[in-house]
Amino acid sequence: MTNWQLGEPLRIETERFYLRTFTPEDVNETYLGWWNDADIQRGFGHQPCNWTLDDALKHVKSFDNFSQFHLGIFVKENDHLIGYYSFITNPDDNSSESSVCIGEKEWQNKGVISEVGPHMLNYRFNAMGHYLIVGKIVGDNPVIKKLYKKFGFKLVITKPHKDLQQDGQPVEISYYTLTCEEWRRRQKDK
Ligand SMILES: CC(C)(COP(=O)(O)OP(=O)(O)OC[C@H]1O[C@@H](n2cnc3c(N)ncnc32)[C@H](O)[C@@H]1OP(=O)(O)O)[C@@H](O)C(=O)NCCC(=O)NCCS
Numbered sequence: 076m077t078n079w080q081l082g083e084p085l086r087i088e089t090e091r092f093y094l095r096t097f098t099p100e101d102v103n104e105t106y107l108g109w110w111n112d113a114d115i116q117r118g119f120g121h122q123p124c125n126w127t128l129d130d131a132l133k134h135v136k137s138f139d140n141f142s143q144f145h146l147g148i149f150v151k152e153n154d155h156l157i158g159y160y161s162f163i164t165n166p167d168d169n170s171s172e173s174s175v176c177i178g179e180k181e182w183q184n185k186g187v188i189s190e191v192g193p194h195m196l197n198y199r200f201n202a203m204g205h206y207l208i209v210g211k212i213v214g215d216n217p218v219i220k221k222l223y224k225k226f227g228f229k230l231v232i233t234k235p236h237k238d239l240q241q242d243g244q245p246v247e248i249s250y251y252t253l254t255c256e257e258w259r260r261r262q263k264d265k
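Convert by adding 75 to the 1-based position in the sequence shown; the result is the number in the working numbering.
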């Protein structure tokens, strides 16, 4: 499927999009804006980050392509950057955890993650050898919940987050998981 080696940049194509390892050159005001946007950060259970371009650059440089991956999502037609797909792996147990964002709001609810998600799950399970993928939902995020269900993730536990609050109330965090066997079984059944 791929001859990708640990430490190398990644590139994955879908029908309408391509995802590739984010570079410092990709950091601009648009990308920065996603980190400082209240609606987008609410989806992660956070307040706006109040980052500068330098903070965004440091964030991008913190990914190493060994255990931490940060991919930009680009529209094939015009190379427009519309979001990112990040994941962090734990080599001890081959598990990984991801975080996704469609920062360009005109691209939200246009089926981007519905399209990109299965390609990335295939890549992570089959090319990268991940065994277990963990998904977290902080607070109420019905769209991500729907996506997890669509991809076959199972809810393991919901519990209050130890630090986070939203509107003065403790925020709940839900943990979902998807195993490699379950993913392959679902692909076979399709
Ligand atoms: C949440 C997010 C990643 C979803 O990605 P997306 O590409 O917009 O999602 P899709 O368009 O593939 O939609 C998935 C499903 O949710 C539905 N949906 C998407 N946005 C919706 C909205 N605003 N209201 C109602 N339904 C919505 C879609 O209709 C689709 O349903 P279907 O499977 O029945 O067709 C994206 O909106 C986003 O980045 N939001 C802000 C940041 C965030 O919350 N990140 C996740 C943190 S865990």
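C-beta: ideal position from N, C-alpha, C; glycine also.
heavy atom of ligand 1 below 7 Å from residue i C-beta
i, result
"L107", "no"
"G118", "yes"
"S174", "yes"
"I212", "yes"
"I248", "no"
"K225", "yes"
"G147", "no"
"Q240", "no"
"S189", "yes"
"Q122", "no"
"L222", "yes"
"I163", "no"
"I177", "yes"
"K265", "no"
"K185", "yes"
Where the alpha helix (DSSP H) through residue i begins and ends
i, result
"E247", "No alpha helix (DSSP H) contains E247, which is instead part of the beta strand (DSSP E) from 244–254."
Exposure label - residue i; buried when at least 16 CB within 10 Å
i, result
"G158", "buried"
"I208", "buried"
"I232", "exposed"
"R86", "exposed"
"F141", "exposed"
"S189", "exposed"
"V218", "exposed"
Ligand 3 heavy atom lying under 7 Å from the CB of residue i
i, result
"L132", "Here the bound small molecules are ligand 1; ligand 3 is not part of this structure."
Among the options, the one whose alpha carbon lies nearest that of residue i
i, options, result
"L94", "V213, F144, D139", "F144"
"G243", "G214, Y251, F92", "G214"
"V175", "N125, K211, P123", "K211"
"K263", "Q241, G227, V246", "G227"
"G192", "T164, K221, D168", "K221"
"L230", "Q240, T254, L239", "T254"
"N153", "I248, F92, N111, W79", "F92"
"T98", "H121, T127, H134", "H134"
"S171", "L196, R259, K265", "L196"
For residue i, the first and last residue of its enclosing beta strand (DSSP E)
i, result
"H354", "Lying outside 76 to 265, the shown extent of the chain, residue 354 is not represented and no answer is given."
"E172", "170–177"
Completely contained beta strand (DSSP E) runs for the segment 197–242, where each covers 3 or more residues: The qualifying runs are 207–213, 229–241.
Start-end ranges of the beta strand (DSSP E) lying completely within the segment 79–160, minimum 3 residues: The segment 79–160 contains these whole beta strand (DSSP E) runs: 86–88, 92–96, 143–150.
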